[in-house]
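One gets this note's numbering by counting positions in the sequence shown from 1 and adding 2 to each.
Glycine is no exception: its CB is placed at the ideal position from the N, C-alpha and C atoms.
Below is one structure; the comments refer to it alone.
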Amino acid sequence: MKIAILGNGGREHAIATKISKSPKLQKLYCIPGNAGTDLVAENVELDFYNYGNLLRFIKENKIDLVIIGPEKPLVDGVVDYLSKENIKVFGPNKKVSQLEGSKIFTKKICEKYNIPTAQFGVFKTDTEAYKYLERANMPIVVKADGLASGKGVYICENLESSKKAVEEIFNGKFGLAKQVLIEEFLQGDEMSYFVLSDGKIFKRFNTAQDHKRVGEGDIGKNTGGMGAYSPSGLINADLDKKIITKIINPTFEAIKDMGEKYKGFLYVGLMIKNNNPYLIEYNVRMGDPECQTILPLLASDLLDLILSCCNQTLEKQNIVWEEKKSMCVVLCSNGYPDIYKKNVEIPNIEYIKNNDSFFIYHAGTKKKDNKVYANGGRVLNFVSISNNLKSSREKVIKEIENLNWNNGFYRRDIGYKIIDK
Ligand code: AMP
Ligand code: GLY
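Here you go:
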């Protein structure tokens, strides 16, 4: 089969690496890909938001399946566009991608289907929002409704900062805002839970723990993710059952009631308190860096699983995992998540080799004249799998130090809550 993957992050390099091992694969393209995907696929410089050009490329190269990595094209409706043209595509359609594309859409489903989540209010004007905030307990969470690359969420400690958040959102910091979402602050531990769905049924995929804050000890600004490990230390049979019955089953019921089908990965972002799950958010794709830490543990053929989602035959598939633990640490450009330099060479990267238990997945990198350059905030994902998270972390840190890249930084404490306690 000829396959194309859309995206250029660590998630897409991890997906491409796994797909490249499938006996069914004949040719793999990444649109546009990065310096890492270049090792396992052919990168194609093409703006995939230009759907006409994308379709032309797919047809000219007789591509059998398109896999969508990031949320933006999903929310934008790329799946609907390609499906209409009879192209096989893996990912949810525009309507159900609202689960990520509109936080208010998801909250309304939670309300209607009794899904445990933070209490909330939706406000159409700043005056209404301020009135609510004046009576609310602090801290409180103020959110922009639409996609904001993880930046549209404000955790506010006092009235002044919460009002400022509302003001910024209504002033259009994240695009035109007709409404603002205000939520109760949930205490607890976060967990990322993934399922795979073919539109008829869903199956559990795996769990992971992400570290979103830039600083060690989970302090400082929110980022796209500084590292992750899998499986999550929080999961147990009782919690798993509650997640399925209280959160995921009613969500799929809501999708069915809308007359829709959900095909693809669903990322369930949870807060766990006293072994009870609360939904923080849905994402309509794999997580990044969760994907990089989860996929190396997958013993089944990823391409088979994806095809069975497209063909509605997931029922027949067994999703098999290695009984190991996986650790991913992200090497970032100095200055991230604020301002950082681009086009900085990463010398000697070619000397670090992947093997069966250690992987480097590229994120913000680009190849030029056979040299690798950093062109993003999150640059490289170092992943190790073993029986022990601590030794995986030691291996990863040793490799990052061997690379000795002088424009980068990373967190040495990924997994500290279960490794160092
Ligand atoms: P989101 O973009 O919705 O994932 O939010 C980003 C991060 O903000 C989450 O990963 C949580 O760490 C935090 N967060 C969002 N909503 C809440 C909430 N209601 N209570 C506590 N933390 C939250
Ligand atoms: N790791 C967070 C995300 O993918 O949204």
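Worksheet item: What does a CB cutoff of less than 7 Å around C112 pick up in its chain, not counting 5 residues either side in sequence?
Response: Only T119 and L281 meet the Cβ criterion.
Item to complete: Indicate the three-state DSSP secondary structure (helix, strand or coil) for G54 in the structure shown.
Response: G54 carries a helical assignment under DSSP once its states are collapsed to helix, strand and coil.
Discussion item. With a threshold of 6 Å on Cβ separation, who are the neighbours of F125 within its own chain once the five nearest residues in sequence on each side are excluded?
Written reply: A131 and V182.
Worksheet item: Would you say the segment 186 to 194 touches the segment 250 to 265, given that touching needs at least three Cβ pairs under 8 Å?
Response: A contact is defined here as three or more CB-CB pairs under 8 Å, and the segment 186 to 194 fails this definition with respect to the segment 250 to 265.
Worksheet entry | Check whether F411 and C330 have beta carbons under 8 Å apart | Not in contact: F411 and C330 (Cβ atoms no closer than 8 Å).
Fill in: Neighbourhood of the ligand GLY [Cβ distance below 5 Å to any heavy atom], ordered by chain position
Those residues, listed in chain order, are D212, G227, G289 and D290.
Worksheet item: Where does Q28 land, buried or exposed, given buried means 16+ other C-beta within 10 angstroms?
Response: By the neighbour-count rule (16 or more Cβ atoms within 10 Å), Q28 is not buried but exposed.
Worksheet item: Is the closest heavy atom of the ligand AMP to the C-beta of F267 under 7 Å?
Response: In this structure, F267 has its CB at a distance of at least 7 Å from all heavy atoms of the ligand AMP.
Fill in: Nearest-angstrom Cα separation, counted from F59 out to L307
Separation of L307 and F59 (C-alpha to C-alpha, rounded to the nearest whole angstrom) is 25 Å.
Practice prompt. Throw me the rounded Cβ distance for the Y231 and I416 pair, which I believe falls under 8 Å.
Written response: Right, the Cβ-Cβ distance comes to about 6 Å (below 8 Å), so this counts as a contact.
Item to complete: Starting from K133, follow the beta strand (DSSP E) in both directions and report where the run begins and ends.
Response: Membership of K133 in any beta strand (DSSP E) is not indicated; the residue belongs instead to the alpha helix (DSSP H) covering D128 to R137.
Worksheet item: When you compare only the Cα positions, how much space is there between G217 and G12?
Response: If I take the Cα positions, the gap works out to 20 Å.
Fill in: Bounding residues of the beta strand (DSSP E) (the contiguous stretch that carries N285)
For N285, the enclosing beta strand (DSSP E) starts and ends at N278 to N285.
Item to complete: Give a yes or no on whether the C-beta atoms belonging to G227 and P291 are separated by under 8 Å.
Response: Yes, they are a contact pair.
Fill in: Euclidean distance between Cα positions of I351 and M140
About 47 Å.
Worksheet entry | Straight-line gap, T315 to G71 (C-alpha atoms, nearest Å) | The alpha-carbon separation between T315 and G71 amounts to approximately 21 Å.
Practice prompt. Determine the burial state of N383: buried for a count of at least 16 other Cβ atoms within 10 Å of its Cβ, exposed for fewer.
Written response: With 16 or more neighbouring CB atoms inside 10 Å of its own CB, N383 falls in the buried class.
Discussion item. I need the straight-line Cα distance from I249 to N409, nearest angstrom please.
Written reply: One C-alpha to the other measures close to 42 Å.
Item to complete: Run the CB neighbour count on P25, radius 10 Å, all protein chains shown included, and call it buried at 16 or more, exposed below.
Response: Burial check for P25: the Cβ neighbour count within 10 Å stays below 16, so the residue is exposed.
Fill in: Same chain, Cβ closer than 7 Å to N10, five either side skipped, listed in chain order
Counting only Cβ-Cβ distances below 7 Å, and skipping sequence neighbours, we find P34, G35 and N36.
Worksheet item: Tell me the DSSP bridge mates of C334?
Response: For C334, the pairing in a beta bridge is given by DSSP as R380 and F411.
Item to complete: Look up K369 in the DSSP assignment and give the residues it is bridged to.
Response: Answer is V374.
Discussion item. With the cut-off set at 8 Å, would you say D240 and N277 are in Cβ contact?
Written reply: Yes.
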